[in-house]
Every structure is written in structure tokens, then in C-alpha cells.
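*Asks:* Residue numbers 1 to 136, in the UniProt record's numbering, belong to the letters of the sequence shown in order.
Note that CB positions come from ideal geometry on N, CA and C, so glycine has one too.
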Amino acid sequence: MKRPKLKKASKRMTCHKRYKIQKKVREHHRKLRKEAKKRGHKKPRKDPGVPNSAPFKEALLREAELRKQQLEELKQQQKLDRQKEQERKRKLEVSPGDEQSNVETREESDEPKRKKAKAGKQNPKKLHCQELKKVP
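Set out below in C-alpha cells:
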């Protein structure tokens, strides 16, 4: 409820309302579970494979293995192509003149970080004492 002269309403809610919401959520979840039980779940059918009595069983298995290897090689090649494309785009974005300036700015920005890292490793009480000694 929004109080006068305030921009935002309070996020407080009564216990009655909070418990009522929790109860509704429980009922909803229960209904979902019940529906899922009614629908049931179907197991995926297993691939029976090639029966032993099939003629040329070894040839069929070899062909299946070859197809699987070709698909794997194709996926690997596509992955390499994507990586090369990304590297090429990165190289286009960063020109040779910009690299030197980026290195210089990185070195400049690293100095304060190093100082802070050293200061963070020291004992806070010790730092406080040092600050007090500096003050005249």
C-alpha cells in the first residue's frame, strides 16, 4: 500500500496474502504433476541394430561406421572454419597501429592495479597505523 508523500509503495505484504500465494502455487504444481501422470511418459524405442541373421551384416556395420566418421569429420571441419573466420574478423578489427597504443594503455592502467594489489595484501591494521603516522 502506498503511503502519502512517498514515491514507491512498500513491498511488505500481510502473512495472510503470502500464505495464500504459497497455497495457490502448491495447488498449481500438484495439478501439473497430476496431468503429467495422466499423460504418462513414453520410453524412446531402442534401436535394435542389425540382426545376426542378416546377410552382409559386417558390410552394413562398416558403412554405418563410415557415415558416422564422415559426419564427425564434417562437424570438425565446420568448427575449424568458424574459428578461422572469427580470428580473421578479430584481425580486421584490430589494426597494427592500434596494437601498440593498446599495449601502452594496458601498461599504464596496470600500474595502479599492482599498487592496489600490494596494498590489499598488507594487514589493514598496519595500513591504518601508517596513515595515522603520515598525518601531522
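Compute the beta-carbon to beta-carbon distance between Glu57 and Val50, rounded to the nearest angstrom, for a pair I have assumed lies under 8 angstroms.
*Replies:* Before going further, note that residue 57 is Lys rather than Glu in the sequence given. Yes, Lys57 and Val50 are in contact; Cβ-Cβ is about 5 angstroms, under 8 angstroms.
*Asks:* Hey, how far is the Cα of Lys37 from the Cα of Lys46?
*Replies:* Taking the Cα positions, Lys37 is about 23 angstroms away from Lys46.
*Asks:* Looking at the structure shown, is Pro124 part of a helix, part of a strand, or coil, going by DSSP?
*Replies:* In the structure shown, Pro124 adopts helical secondary structure according to DSSP, grouped into three states.
*Asks:* Helix or strand or just coil, what does DSSP make of Arg3?
*Replies:* Note: Arg3 maps to coil in three-state DSSP.
*Asks:* Could you check where the alpha helix (DSSP H) with Lys8 kicks off and where it finishes?
*Replies:* Per DSSP, Lys8 belongs to no alpha helix (DSSP H) and is neither H nor E.
*Asks:* Whole angstroms are fine: how far does the CA of Pro136 sit from the CA of Gln122?
*Replies:* 23 angstroms
*Asks:* Span of the alpha helix (DSSP H) holding Asp47?
*Replies:* Neither: Asp47 is in no alpha helix (DSSP H) and is coded neither H nor E.
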